[in-house]
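Its first residue numbered 585, the sequence shown is counted upward by one per residue in my numbering.
Note sheet for the following structure.
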Amino acid sequence: MSSIFDEDYFVPPLRATSFPNPRFASDEGLLAYGGELSSHTLLTAYRKGIFPWFSPGDPILWWSPNPRLLLYPDKFYVRKSFRRVLRSGKFTVKFDHHFEKVIRYCATVPREGQEGSWIVPEMIEAFIRLHEEGFAHSVEVYKDGILVGGLYGIAMGKAFFGESMFSLVKDASKVAFKALSDVLGAKGYDFIDCQMPTDHMIGLGAEVVDRDIFLDALARALQKPSDLGNWHDFEWTYEQYNQE
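Right, here's the structure in full:
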């Protein structure tokens, strides 16, 4: 594998928050390395359609891959088996009640086919800070009062940038994603950025789009008002499914 320092694979170091234009990046999407995970740097990156992703011991790597995976809130696909889960009422959902627990679970709960986690301690610290500043949010799923699944990400304008999810019991993270999609759809959000294509997310209705289309949509979404602050009051219930 080529290195970022190889002569034929040059990636520039990040200088302050002067990110390269992602429209001219390779399809792989690696744009720059280094810099810091300050709130200003992170928010600048996300506004440009760029996100950090790196392994322990590596420099911070900044990405904007092509294509991109987006979920449009009205396109969430509910299979019959999942509809039964929603109707069962065995899960409850809350927003922003235990952000730190959610991100730490996302960092530590094992995933099939994946060794270790890219959610390194400095990333956890940075996102907790963004949560305290009102930009990062969690969706939490509870069963019998116990946290069993959830997800977290960043909201700006009418775009939500999904970062990671976890499940301790079957379907819990899927419930979190459905709740997020429904609530954001009702609040006029344009899309949820799922970053890179996976079969699992595509099966839930996410769509693969060209990076330029994503960047154009992002520019429009960022012109709209943000839901800055704590999302404690956001609510989601199963009522619509009980009536079907």
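Where a beta carbon is used, it is the ideal one built from N, C-alpha and C, also for glycine.
Contact set for His-715: own chain, Cβ-Cβ below 6 Å, skip 5 residues either direction: The beta carbon of His-715 lies closer than 6 Å to those of Phe-683 in the same chain, with the five residues before and after it left out.
Val-669 beta carbon less than 8 Å from that of Tyr-736: By the CB criterion at 8 Å, Tyr-736 and Val-669 fall outside the cutoff.
Rounded separation between Ser-610 and Thr-782 - CA only: Per the coordinates, the alpha-carbon of Ser-610 lies some 19 Å from the alpha-carbon of Thr-782.
Between the CA atoms of Lys-678 and Val-723 - distance to the nearest angstrom: Distance between the alpha carbons of Val-723 and Lys-678: 6 Å.
Where the beta strand (DSSP E) containing Gly-777 begins and where it ends: The sequence shown places Asp at residue 777, not Gly. Run containing Asp-777: 775 to 779, per the beta strand (DSSP E) assignment.
Cβ-based burial, Ala-600 [other Cβ within 10 Å; buried from 16]: Around the C-beta of Ala-600, fewer than 16 other C-beta atoms lie within 10 Å, and the residue is accordingly described as exposed.
For Ile-786, the three-state DSSP class (helix, strand or coil): Residue state, collapsed to three classes: helix.
Completely contained alpha helix (DSSP H) runs for the stretch 713 to 746, where each covers 4 or more residues: If we require 4 residues or more, the stretch 713 to 746 turns out to have no alpha helix (DSSP H) run fully inside it.
Among Gly-746, Leu-752, Phe-761, Val-767, the one whose alpha carbon lies nearest that of Gly-733: Selected option, being the one with the closest Cα: Leu-752.
Cβ-based burial, Met-585 [other Cβ within 10 Å; buried from 16]: Confidence in Met-585 is poor, its pLDDT being 37 and thus under 50, which makes the residue's placement unreliable; the coordinate value appears in the next sentence. Met-585 should be labelled exposed.
Pair within 8 Å by beta-carbon distance, Gly-613 and Pro-649: Yes, the pair counts as a contact, with Cβ atoms nearer than the cut-off.
Integer-rounded CB distance, given that Met-707 should sit under 8 Å from Leu-621: That belief holds up - the Cβ atoms of Leu-621 and Met-707 are roughly 7 Å apart, short of 8 Å.
Candidates Ser-748, Ser-639, Phe-603: closest to Ala-760 by CA position: Nearest option by C-alpha distance: Ser-748.
Residue burial classification, Gln-807 (beta-carbon count within 10 angstroms, cutoff 16): It is exposed - the Cβ of Gln-807 has fewer than 16 other Cβ atoms within 10 Å.
Distance CB(Glu-717)-CB(Ser-623) smaller than 8 Å: Going by C-beta atoms, Glu-717 is nearer than 8 Å to Ser-623.
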